[in-house]
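Engineer: Just dropping this structure here.
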């Protein structure tokens with residue numbers, strides 16, 4: 121397998137020592153092949169759902185679409201970390217094509233995800249807990265809305281909003297002393313660039329107009345496929361972080377998953393290892409730990425549907441820490457972003 125070398129950020133003490141200085145090869149050809157396969161199968165599912173008269177066939181194709189798109193998101197995730205292909209240009213083209221099926225602006229998704237790595241388990245991302253100042257009912261409704269599909273819906277909606285708003289409004293700096301919720305997320309939108317998002321959005325719309333006419337799509341079948349994906353993806357996005365420690369890096373889970381699904385998800389279930397070593401390509405992620413994860417995927421998914429808890433009771437302030445868990449002078453070092 122030919123590819124390029126990805127630097128390995130130093131891993132935490134739970135990883136094998138031989139990975140601390142090892143270089144990892146990006147599987148360029150494999151990633152291209154998987155991207156083409158995922159896009160082809162996803163488009164076929166959309167076509168079949170729109171053109172079959174079988175209700176069972178429509179539902180089956182929509183469910184299949186939701187699983188294939190999970191692989192697509194895992195590949196998109198690699199592109200967001202610049203490890204889908206050794207060439208930055210090819211990496212971004214593949215990422216854009218995958219984001220088009222999401223559908224959303226690739227640059228916006230990329231900056232949003234990189235922002236997540238800077239804000240993981242901070243108050244801004246603490247959807248699974250409520251504080252003494254939160255309205256518990258509102259927080260609970262928001263939480264269930266997010267894991268049921270709202271988090272997916274935010275991607276195309278945000279893409280359209282950024283594309284339609286005048287760039288000067290998006291790019292202007294806030295001079296308010298106290299940052300609002302919007303101010304906290306505006307920097308990553310500005311890093312994506314309003315004009316860049318607009319150009320991508322126009323291109324995405326052109327591609328979708330072509331697909332709509334070429335595949336004879338309709339709103340009902342399209343809604344069915346994306347409703348299945350939105351629910352599946354949104355809930356499984358939070359499974360890796362809900363009820364985890366309030367730590368920037370350690371606030372994630374490695375989950376034990378049925379082997380075929382693990383490979384379908386491209387080792388995305390090794391999410392704690394990803395947060396510890398963000399630049400390691402997916403194909404090596406399952407070897408980053410000395411022992412297989414004990415926490416089960418299904419049981420964790422079921423617990424996901426429990427309502428938000430009080431953060432003061434779950435994580436008293438003396439047990440909350442945002443820095444590294446081990447001193448930098450020791451042999452093992454937590455990865456930096």
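In this note's numbering, the protein residues as written are 121 to 457.
Just so it is clear, CB atoms sit at the ideal spot from N, CA and C, and this is done for glycine as well.
Which class does residue 385 belong to by DSSP, given the choice of helix, strand or coil?
Structural biologist: Translated into positions along the chain shown, residue 385 becomes position 265. It is coil, neither helix nor strand.
Engineer: Just how far apart, CA to CA, sit residue 420 and residue 359?
Structural biologist: Locating residue 420 in the chain shown gives position 300, where the first residue counts as 1. Locating residue 359 in the chain shown gives position 239, where the first residue counts as 1. Each residue's alpha carbon lies about 7 Å from the other.
Engineer: Put residue 146 into one of helix, strand or coil per three-state DSSP.
Structural biologist: One-based indexing of the chain shown puts residue 146 at position 26. Note: residue 146 maps to strand in three-state DSSP.
Engineer: Rounded to the nearest angstrom, what separates residue 390 and residue 224 at their Cα positions?
Structural biologist: As a working note, residue 390 is residue 270 in the chain shown. As a working note, residue 224 is residue 104 in the chain shown. Going from the Cα of residue 390 to the Cα of residue 224 covers about 25 Å.
Engineer: Excluding sequence positions up to five away, which residues of its chain have a Cβ less than 7 Å from the Cβ of residue 271?
Structural biologist: Position 151 of the chain shown, counted from the start, is the residue given in the question as residue 271. Excluding residues within five positions, the ones whose Cβ falls inside 7 Å are 354 and 357.
Engineer: For residue 146 and residue 208, what's the separation of their Cα atoms in angstroms?
Structural biologist: Along the chain shown, one-based indexing puts residue 146 at 26. Along the chain shown, one-based indexing puts residue 208 at 88. About 12 Å.
Engineer: With DSSP run on the structure shown, which of helix, strand or coil describes residue 141?
Structural biologist: Position 21 of the chain shown, counting from 1, holds the residue named residue 141. In this predicted model, residue 141 has a pLDDT of only 48, less than 50, meaning its place in the structure is not dependable; the value taken from the coordinates is given anyway. Coil at residue 141, not helix or strand.
Engineer: Going by the CB atoms, is the gap between residue 217 and residue 159 shorter than 8 Å?
Structural biologist: Taking the first residue of the chain shown as position 1, residue 159 is located at position 39. Taking the first residue of the chain shown as position 1, residue 217 is located at position 97. Yes, these two residues count as a Cβ contact at 8 Å.
Engineer: So does the stretch 387-404 actually touch the stretch 330-346, counting three or more Cβ pairs closer than 8 Å?
Structural biologist: No: fewer than three Cβ pairs fall under 8 Å.
Engineer: Tell me which residues share the same chain as residue 141 and place their Cβ nearer than 7 Å to its Cβ, disregarding the 5 neighbours each side in the sequence.
Structural biologist: Within the chain shown, residue 141 is the residue found at index 21, counting from 1. Low confidence applies here, because residue 141 scores a pLDDT of 48, under 50, leaving its location unreliable and the question unanswered by this model.
Engineer: Please state whether the Cβ-Cβ distance between residue 432 and residue 251 is less than 8 Å.
Structural biologist: Along the chain shown, read from residue 1 onward, the residue named residue 432 stands at position 312. Along the chain shown, read from residue 1 onward, the residue named residue 251 stands at position 131. Against a cut-off of 8 Å, the Cβ pair of residue 251 and residue 432 comes out as a contact.
Engineer: Taking a contact to mean a Cβ-Cβ separation below 8 Å, would you say residue 198 touches residue 233 in this structure?
Structural biologist: On the chain shown, position 78 is the one that residue 198 refers to. On the chain shown, position 113 is the one that residue 233 refers to. Contact: no.
Engineer: Taking the beta carbon of residue 336 as the centre, do at least 16 other beta carbons fall within 10 Å, making it buried, or is it exposed?
Structural biologist: Translated into positions along the chain shown, residue 336 becomes position 216. Exposed.
Engineer: I think residue 249 touches residue 434, with their Cβ atoms under 8 Å apart; what is that distance to the nearest whole Å?
Structural biologist: Position 129 of the chain shown holds residue 249. Position 314 of the chain shown holds residue 434. With a Cβ gap of about 6 Å, residue 249 and residue 434 count as contacting.
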